[in-house]
Each structure stands twice: as structure tokens, then as C-alpha cells.
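Just so you know, this note's numbering puts the end of the sequence shown at 417, numbered straight through with nothing missing.
Okay, structure first, notes after.
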Amino acid sequence: MFDLSSVIGMQLRYAFRLYPDAGQQRAWARAFGCARVVFNDAVRAREDARRAGRPFPKAGELPTRLITEAKRSASRSWLSEVSAVVLQQSLRDAEAAYKNFFASLKGARKGPKPGAPRFKSRKDARQSVRFTANARWSITDTGRLNLPKIGAVKVKWSRTLPTTPTSVTVIKDAAGRFFASFVIDTDPAEDAARMPAIGQSIGIDLGLTHFAVLSTGEKIDSPRFLRRAEKKLKRAQRELSRKQKGSKNREKARLKVARAHAEVTDARKEFHHQLSTRLISENQGIAVESLSVSGLARTRLAKSVHDAGWTAFVNMLEYKAQRHGRTLVKIGRFEPTSQTCSTCGTVDGPKPLHVREWTCTACGTLHDRDHNAALNVQQAAGLAVTACGAPVRPEPVLAQREETGSHGFPTGNRAA
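What follows is the structure, given as C-alpha cells:
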């Protein structure tokens, strides 16, 4: 059994919808614009140094040059209209972007290789600014979020914050919605008490016919959120294409398209959160197969693959497993889970996708293709359950995660 006392806390994001008034929306526009200008100035300073063959300016020099001195100049005097913390965090974001880029070039950073930092545009779909604790932001007695040089903004609280947040990021998405994303440090003891250890494990076979088939035999239907909304999306996109570029009607049509896509995204995230939380709470060990989503996305199944959102779902399983002391095991994508008999272990050869049931030539067992694959995923991970209900795997290892918290921010306001 894994010792939960050795688990350190992790960071999660809790996102809540904001409802700023007209004056606060104008203040946000200024904050987004100033943060964007400072970020672009930092990128420009590095690019100018690179082209001139000079060493990059040090991180300690940029705040003085791009913020303090810039506020005294006529061309950048309006930077004083927003909180200085917002500008400093923008510089840190630029510095982090360059660190990640160079670390990737050296092979020290795992995952997809990011490109060199680029200039931000005011037309970017997502705008954000971050306030740390020294910005003196607070939550008022009436439940509003009080931010420097912005004021008290109305918040729709969907749940209670478990601890005092360390920072808050205000985000405006493509649909024009505002969100406050709070960073919370979790308590390992509280997480362990919330989901105590249990002696049950499970294997999951992800697919398109069914979103997931479990080794218990349960089949979870694929909601196909994008497919169901296609008619509405096509109509909105067609209306957008007919509007004159630069007109107010085109902007209204663009928002309509963005909101339609946001509805699909939110519904998919909610489905992923509910299912992943249920699986984590009911099982001590979970096994999934590593899928080549980028490869499948280049086939005729691309739209259905993106609609399923396997990567986002597995990421949720990862951080929730790490948070609650569960075991998540990924097996190789080349494991012949669909070709192997889960009863006798005979490899019966590849089968076309339209073959949903097959009979083992060695032992004569009739298999459901997806259920058999889920059983093989569980066995390949060493998570088969014994008669006493304890996982066979000798040394459970927590799911590893390069960055704490969640990627992006959960519009479903969940961090379970």
C-alpha cells in the first residue's frame, strides 16, 4: 500500500465566472493591453539583442527599463493606469517562455517543442493578466473580488475555496466571458481523508464507438458533443462568413460562433471531470493505453478523435490520481490488446475495426472486442485483482506530472 504521508501538496486551479460592469470591462481592456505591450517589449528587446549579436538583457534589467523608466516616457506613460504587479507578471511570463524554449532546444524539457516566443496581438482569442499576493487583491464580505485599479467585481461562486489562494488570473476568452482562476495549494491529509484507499483496480479501453469500455464490462457511451452541435455551428459560421469585415455585425456574428464553440467545450470538460472523478474515487489502480492522438488526428477519423478529447481526459486522470494517492499506469500503444485473448493469452492476429466480436481459436472463448481489450490493458499494467481484492502490482507509482495544477483552466469550475 502506498504511504500517503510521503505525498506533498500540489497546486490546482479553481475557475469562477466574473460579471464586470461596463467601467470594469474598460479597465480590463487597459490591463490586457498594457500587459501585452510589456510582453512584446520584452520579446523585442531580446530579438534586437540577438540580431545585433549582443548578449540577451538580464532578467533583472528589464523591469527597470520596460516598466519603471517606460512610465516616465511620453510614449508609455499610460502604463501607470494599471497595477504594476500585472506588468511585472507579464515580464515573468516572457522570461518563462524563453526558458522553456531554450530548455526544449537542449532536450532538457519533455513534451512537444515550443517555438520561440512571438509578439502578442490585441486580436488574440484569449487575454489574461495575473495578480499575485503582493498585489493586495481580496475577496470582500459580500463575495466580490476586489482588484487594484479595477474595483470590486461580481463573482458567481459555484463552490467554496478550500484554502486561501496564492494568486488569481483574470481571463477573457474568445466568447467575451471573464473568469477568475485561483491557484490553490492542496492538503495531502485532507485529500487522503476524502478518498481513502480501496482494494479495486480497473482497465480502460478508450474508443469512438464507446468513449470508454471498462474491464468490469461497463460501456460508457460517447456524448459526441461536437457532432450534435454541428448543425448549429455551421449555421453560425455561415452567417459570419456573410458579414462585412470590420463591421459591428461581423463582431456580433463572431461572438455567436465563439459562444457556440464554448458550449461544446464546456459540456465536454464537464463530462470528462465527472467520469474521471468517479473512476478515481472507485478504484485504487487505473490502467489506460497510450494513444497516438496526433497520428489519429491525421486520418479520416480526425473530427471524431478531437470530439472525444482523450488527451484531456487522461490528463485529468493523471493529476487526480496524483492528488488522491491512486495508481495510474499507461501501457504502450503497440501492446496487442485487441488481438490477445484475455482468457488464455493467445495472440489471435489483427482484426478489422468492423469486427466487434471474435472467438479465440485456442480456447474457444467468445470475446467482445472492447471489453477484451480493457481486460488486457488491466493485465498488461499488472493491476489484475486477486481473490482478496488487492492489486497485484508490487510497487504502486504515482502518476507523474510535469506541471502542477491543470493545463489551461477548467471552465467547469472543478478541481476534484
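All residues carry an ideal CB built from backbone N, CA and C; glycine is no exception.
Where residue i sits in the DSSP three-state scheme
{"i": "E336", "result": "coil"}
{"i": "A198", "result": "coil"}
{"i": "A16", "result": "strand"}
{"i": "C389", "result": "Note on C389: pLDDT 37, under 50, position unreliable in the model; the coordinate value appears next. Three-state DSSP puts C389 in coil, outside helix and strand."}
{"i": "I281", "result": "helix"}
{"i": "K173", "result": "strand"}
{"i": "T65", "result": "helix"}
{"i": "G152", "result": "strand"}
{"i": "E396", "result": "Confidence is the limiting factor: at E396 the pLDDT is only 41, short of 50, which leaves the residue's position unreliable and the question unanswerable from this model."}
{"i": "D146", "result": "Looking at the sequence shown, residue 146 is not Asp but Leu. Looking at L146 - three-state DSSP - the assignment turns out to be strand."}
{"i": "V184", "result": "strand"}
{"i": "F103", "result": "helix"}
Residues of its chain near residue i, where Cβ-Cβ distance is below 6 Å and the 5 sequence neighbours each way are ignored
{"i": "Y20", "result": "K155"}
{"i": "N373", "result": "S343"}
{"i": "A28", "result": "I151"}
{"i": "N250", "result": "K244"}
Short CB-CB distance (under 8 Å) between residue i and chain D
{"i": "E231", "result": "The structure shown has no chain D; it contains just one protein chain."}
Check whether residue i and residue j have beta carbons under 8 Å apart
{"i": "S84", "j": "K72", "result": "no"}
{"i": "D142", "j": "R228", "result": "no"}
{"i": "D206", "j": "V330", "result": "no"}
{"i": "S182", "j": "I172", "result": "yes"}
{"i": "Q275", "j": "I199", "result": "no"}
{"i": "I332", "j": "L280", "result": "no"}
{"i": "A263", "j": "A176", "result": "yes"}
Residues near residue i by beta carbon distance below 8 Å, same chain, minus five either side
{"i": "K257", "result": "A237, E240 and L241"}
{"i": "P166", "result": "Y15, F183, V184 and I185"}
Rounded straight-line distance, which links the Cα of residue j to that of residue i
{"i": "C361", "j": "A375", "result": "16 Å"}
{"i": "G218", "j": "D42", "result": "57 Å"}
{"i": "D192", "j": "R357", "result": "40 Å"}
{"i": "K114", "j": "S293", "result": "17 Å"}
{"i": "R45", "j": "F103", "result": "17 Å"}
{"i": "S78", "j": "A32", "result": "14 Å"}
{"i": "K253", "j": "R178", "result": "14 Å"}
{"i": "F335", "j": "D222", "result": "25 Å"}
{"i": "E48", "j": "V289", "result": "43 Å"}
{"i": "T338", "j": "A363", "result": "16 Å"}
{"i": "S291", "j": "T210", "result": "18 Å"}
{"i": "S105", "j": "T312", "result": "21 Å"}
{"i": "A134", "j": "Q90", "result": "12 Å"}
{"i": "L146", "j": "K157", "result": "10 Å"}
Other residues of its chain near residue i: CB distance less than 7 Å, five sequence neighbours each side excluded
{"i": "R37", "result": "K121 and R123"}
{"i": "D94", "result": "F40"}
{"i": "S277", "result": "F314, M317, L318 and K321"}
{"i": "P163", "result": "I185"}
{"i": "P64", "result": "Q89 and L92"}
| Unbroken beta strand (DSSP E) runs of length 3 or more, entirely within the region 109-144: which are they? | 128-133
| query | What are the start and end residues of each continuous beta strand (DSSP E) run of 3 or more residues lying completely inside the region 190-266, in chain order? | reply | 202-207, 211-215 and 220-222
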